[in-house]
Amino acid sequence: MSRPPLPDDDSPGVPGFRTWRGVYLFVFGCFLLVVIALTLFARAFA
Amino acid sequence: MNPIDWVVLLGTMIGIAAYGTWRTRHTDSLNTYLKGNHSTRWGTIGISVMATQASTITYLSLPGQAYENGIAFIQNYFGLPLALILVCAVFLPIYRKLGVYTAYEYLGRRFDRKTRLLGAGLFLLQRGIQAGITIYAPAIILSTAFGWRLDLTIVFTGLVAIVYTVTGGSAAVNLTQKWQMAVIFGGMITAFVILVLKLPAHATSIAGAMGKLQAVDYTPDPGLRYTFWSGLLGGFFLSLSYFGTDQTQVQRYIGGAALREGRLGLMFNALFKIPMQFFIVMLGALLFVFYQFQPDTPVVFNQTAWQRQVEGPRGAEFRTLEARHTVLHAAKQEKIRAWTTAQTGGDAVAAAAARAELAAAQRASDTLRKEARDTLYAAAPEAKKTRDSDYVFITFILTQLPHGVIGLLVAVMFASALSSKAGELNALGTTSTIDLWRAFRPLAAHDERRNVRNAKWFTAFWGLFAIGFALFASFAENLIEALNIIASVFYPPLLGVFLVAFFLKKVGGTAVFWAAAATQLLLLGLFFFGKSTVAYLWLNPIGCAACVGFSLLFQFFLPSNAAKESPA
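Order-wise, the sequence lines are chains C and B. Under my numbering, the first residue of the first sequence carries the number 6, and numbering increases by one thereafter. Under my numbering, the first residue of the second sequence carries the number 2, and numbering increases by one thereafter.
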């Protein structure tokens with residue numbers, strides 16, 4: 006039997022982040038940095 | 002392996018399984034059995050998601066793949082963080098809000114029973130096959146390397162996973178995965194540190210000069226298997242299917258104390274998955290450098306199969322190949338030293354010339370190694386079941402690591418097999434119970450004990466099915482690729498159905514059902530007849546777009562009341 010749905014929580018509860026959109030932007034920014042770092046890494050050792 | 006290794010291996014493998022079984026032995030609530038404890042926090046969810054995705058193939062085959070082809074495989078994960086953001090923002094809140102046990106239950110509510118059954122059926126088909134590969138992959142490599150019996154290795158690993166997954170369900174899976182990941186991280190970091198300590202100076206530069214560190218390739222050629230574009234687009238759709246619609250993953254994050262915990266667990270993976278995979282492929286690239294300086298680097302890493310031939314009637318032929326390899330290997334070492342000297346001396350012209358000579362030496366070595374592999378496969382066709390690169394890391398473990406650490410690294414391989422296997426069995430059992438058994442026996446849904454009992458039976462059934470599949474199936478393709486290829490053929494229609502469900506409210510069950518069926522036929526056709534022109538990762542965006550397009554088309558031609566089928 007399915008339990009009743011839990012209340013949605015809008016706050017991520019992560020220090021420095023008020024909304025989930027901020028968390029997603031942070032993760033996306035980190036992803037871009039990783040891709041740039043890997044590109045530079047590949048160029049440095051090409 | 003000596004007794005110390007066996008103590009470490011069996012202690013960790015059986016110890017963790019026994020602990021999980023004992024701690025969750027009284028699980029009799031359906032919610033806890035299928036979704037885990039109510040109090041599960043984001044750290045456990047994040048580790049569980051990571052452990053379920055990374056099987057033994059990740060830790061055993063990926064270093065070997067990087068040894069042969071460099072670290073370009075990392076690009077396959079580029080779409081993953083973006084897909085996880087979408088899952089967090091759209092998929093997860095809907096699953097939590099509806100309080101569903103499976104992703105396919107949502108399809109039943111949004112569309113109708115046949116679409117729910119189609120989703121569950123596609124999942125059971127492809128995940129059932131993959132569960133067999135998950136158990137077969139480590140067993141074939143470890144049994145070959147150690148001389149164990151393949152059937153006993155498969156049965157033993159499978160039974161251990163079945164025992165604790167059947168006993169404690171999701172709660173046991175989450176609990177054991179935490180400890181298994183601790184063993185995995187501990188073992189892999191230990192191996193990496195020991196490898197780095199054994200490397201010569203300028204190891205990274207040498208790996209780069211020999212073409213092993215080309216992490217990113219922006220060439221827009223759909224025929225190339227690993228590029229930035231295929232990784233970003235193909236990887237995005239593959240990850241979205243896997244994390245958003247595959248019950249194996251959905252089950253890991255829909256439980257937990259709150260929506261926040263599931264979201265943070267997924268964001269943990271979005272942040273750390275690419276760095277973790279980079280660490281593993283770098284291990285392979287550095288293994289390549291390590292073996293360039295070893296005097297006894299084997300021409301073929303599957304030494305069990307090779308030595309059998311050396312000692313057999315065609316021994317002279319194999320020994321000649323070994324002798325030719327020794328000469329080429331020594332010559333290549335000289336070229337590496339010449340390049341390093343020119344490079345460190347700042348002589349750009351000499352460095353370029355030395356690098357060209359090194360590349361030629363590498364090509365000659367690669368050609369000979371291929372000849373050696375072909376000769377081995379001709380003499381012993383069973384050796385073809387695995388790629389030679391699958392034996393690179395295990396050879397390093399067995400020949401270069403101290404006793405105790407060997408046991409720990411073999412425990413890593415079994416821990417990763419158990420953690421991903423348990424996640425799969427848990428999801429297969431849940432989907433069979435909720436989407437098949439309960440869909441046809443709606444009155445039984447109120448008997449919680451009976452539901453738990455049936456979930457246990459279904460979990461055990463899928464465990465035995467996976468063991469049987471692993472025992473009797475024959476896999477010729479590279480194992481890590483095989484998992485991704487199966488997923489790329491079966492996932493896209495499923496993802497297409499979910500995207501229609503979330504974003505195209507006017508499309509009904511009949512249209513999306515036939516759209517998914519047509520897409521599946523299209524993908525099977527593309528896979529079997531268009532292999533040479535389309536890399537498999539591209540099947541994901543193509544299939545997903547086709548399913549959405551077909552759904553709109555079919556809905557347009559269907560009578561207007563077809564969008565209002567009764568939900569199941």
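From the three backbone atoms N, C-alpha and C, an ideal C-beta is built for every residue, glycine too. From a predicted model like this one, the values you see are computed outputs, not experimental measurements.
Among the CB atoms of chain B, one or more fall inside 8 Å of the CB of T44 of chain C. Contact between the segment 454 to 470 of chain B and the segment 87 to 97 of chain B is absent: fewer than 3 CB-CB pairs across the two stretches fall below 8 Å. Just so you know, the alpha carbons of L10 of chain B and S40 of chain B end up roughly 31 Å apart. With respect to F22 of chain C, L214 of chain B sits apart: the two C-beta atoms are not nearer than 8 Å.
Secondary structure of A517 of chain B (DSSP, three-state): helix. Think of a sphere of 8 Å around the beta carbon of F22 of chain C: no beta carbon from chain B falls inside it, the nearest being about 10 Å out. Taking the beta carbon of M268 of chain B as reference, the chain C residues within 7 Å of it are V28, V32, listed in sequence order. With a threshold of 8 Å between beta carbons, A271 of chain B makes contact with chain C.
From the listed residues B:L241, B:P560, B:Y254, the smallest Cα separation to L495 of chain B is found for B:L241. The straight-line gap separating the alpha-carbon atoms of T220 of chain B and F279 of chain B is approximately 21 Å. Straight-line measurement puts the Cα of V164 of chain B at about 13 Å from the Cα of R24 of chain B.
Close CB contacts of F79 of chain B within its chain, under the 7 Å cut and outside five residues either way in sequence, are with F229, G232, L233, G236 (chain order). With a threshold of 8 Å between beta carbons, S552 of chain B makes no contact with chain C. Taking F302 of chain B as the centre and dropping the five residues before and after it, the same chain places the C-beta of D389, Y392, V393, T396 closer than 6 Å to its C-beta, in chain order. The straight-line gap separating the alpha-carbon atoms of I337 of chain B and E358 of chain B is approximately 9 Å. Classified as buried, E262 of chain B has 16 or more neighbouring CB atoms from the shown chains inside 10 Å of its CB.
The three-state secondary structure of A258 of chain B, taken from DSSP, is coil. Setting aside the 5 residues that flank it on each side, R325 of chain B is surrounded in the same chain by L369, each with a C-beta closer than 7 Å to its C-beta; the list follows chain order. At a cut-off of 8 Å between C-beta atoms, S206 of chain B counts as an interface residue with respect to chain C. Distance check between N270 of chain B and each of B:V156, B:Y492, B:S49 places B:S49 closest, using alpha-carbon atoms only. Between M182 of chain B and M51 of chain B, the C-beta gap is smaller than 8 Å, which places the two residues in contact. Just measuring C-alpha positions, the residue of B:P382, B:G100, B:T387, B:T116 sitting nearest I255 of chain B is B:G100. For A512 of chain B, same chain residues with a beta-carbon under 6 Å away, outside a window of 5 residues either side, are S552, F555, Q556, L559 in chain order. In this structure, A467 of chain B places its C-beta atom within 8 Å of the C-beta atom of A132 of chain B. It is roughly 45 Å from the alpha-carbon of H447 of chain B to the alpha-carbon of F529 of chain B. Judged by DSSP secondary structure, P542 of chain B falls within the alpha helix (DSSP H) whose first and last residues are 540 to 558. A residue is called buried once 16 or more other Cβ atoms fall within 10 Å of its Cβ, and K333 of chain B is buried on that count.
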